[in-house]
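Asks:
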Amino acid sequence: MEGTTMGFRPRPWHWLPRYQRRVVRHRGSLTRLLRGLTRHRFRVRVLREGYRLPKADEARELGLPARQKAWIRDVQLIGDDTPWVQARTVIPLHCLEGPNRRLRHLGNRPLGSALFGRHPWSREAFTCGQAHPLGHATQYPARRSRFRRGQGTLLVTECFLPPLWDDIRDQAVRRHPTHGDSLRPL
Numbered sequence: 001m002e003g004t005t006m007g008f009r010p011r012p013w014h015w016l017p018r019y020q021r022r023v024v025r026h027r028g029s030l031t032r033l034l035r036g037l038t039r040h041r042f043r044v045r046v047l048r049e050g051y052r053l054p055k056a057d058e059a060r061e062l063g064l065p066a067r068q069k070a071w072i073r074d075v076q077l078i079g080d081d082t083p084w085v086q087a088r089t090v091i092p093l094h095c096l097e098g099p100n101r102r103l104r105h106l107g108n109r110p111l112g113s114a115l116f117g118r119h120p121w122s123r124e125a126f127t128c129g130q131a132h133p134l135g136h137a138t139q140y141p142a143r144r145s146r147f148r149r150g151q152g153t154l155l156v157t158e159c160f161l162p163p164l165w166d167d168i169r170d171q172a173v174r175r176h177p178t179h180g181d182s183l184r185p186l
């Protein structure tokens with residue numbers, strides 16, 4: 001799939017079915033959650049990353065001046081060889097200084113390894129919504145959240161693709177790993 005630019009549109013939580021709401025509102029590591037749902041293999045596919053201009057709503061959300069570039073990383077989170085989530089991370093330039101400069105060199109490692117690792121970032125409240133990733137004909141459930149550590153703030157938009165919901169419906173709710181993982185190591 002070429003490109004991943006998402007248009008994010010906020011919507012209230014209650015429009016989601018309960019089984020989707022449990023995943024979209026999950027406060028812990030999405031990487032850990034998805035690994036728990038994977039039967040065989042979980043991986044990250046980088047679609048593109050580099051210095052680019054954020055979308056207007058992303059710049060506004062981060063308080064960036066117009067026309068200021070940021071490090072933008074577009075990825076797919078893939079479980080059992082099926083794309084489950086398409087994610088976009090926008091990292092302002094000032095946020096890439098000091099130890100945070102490693103965020104530019106994640107490669108195929110999940111962002112969650114940096115956000116929920118030894119020196120965790122704090123997540124602000126989620127915004128629930130819909131996103132329309134390029135290459136898809138419809139909008140899908142999504143969430144957007146800011147993460148902070150010190151003076152640094154970054155924005156993550158995650159769009160949940162239909163194959164994830166199919167796989168979740170196939171698993172028993174009692175096996176669903178959506179609770180209490182924010183303190184466990186990755």
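With the numbering used here applied, the sequence shown covers 1 to 186. A virtual CB, placed ideally from N, CA and C, is assigned to each residue, including glycine. The model shown is predicted, which means the values in this text are computed figures rather than measured ones.
#1: Expressed to the nearest angstrom, what Euclidean distance is found between the alpha-carbon atoms of Arg48 and Pro162?
#2: With respect to the alpha helix (DSSP H) encompassing Leu115, which residues constitute its N-terminal and C-terminal limits?
#3: Could you spell out where the alpha helix (DSSP H) holding Gln20 opens and where it closes?
#4: Whole angstroms are fine: how far does the CA of Leu96 sit from the CA of Arg67?
#5: Can you name the residues that DSSP bridges to Glu158?
#6: Please classify Glu124: is it buried, with 16 or more other beta-carbons within 10 angstroms of its beta-carbon, or exposed?
#7: On the CB-based measure, 16 or more other CB atoms within 10 Å of its CB, does Val44 come out buried or exposed?
#8: Are the segment 29–43 and the segment 105–117 touching by the rule of at least three beta carbon pairs closer than 8 Å?
#9: If we count the other Cβ atoms within 10 Å of its Cβ and call it buried at 16 or more, is Pro17 buried or exposed?
Replies: Let's see:
#1: 22 Å
#2: Going by DSSP, Leu115 is part of the alpha helix (DSSP H) stretching over Gly112 to Leu115.
#3: Taken as a continuous stretch (DSSP letters only), the alpha helix (DSSP H) holding Gln20 covers Arg18 to Val24.
#4: 18 Å
#5: Ala87 and Arg143
#6: Classification of Glu124: exposed, given that the 10 Å Cβ count is below 16.
#7: buried
#8: yes
#9: Result: exposed.
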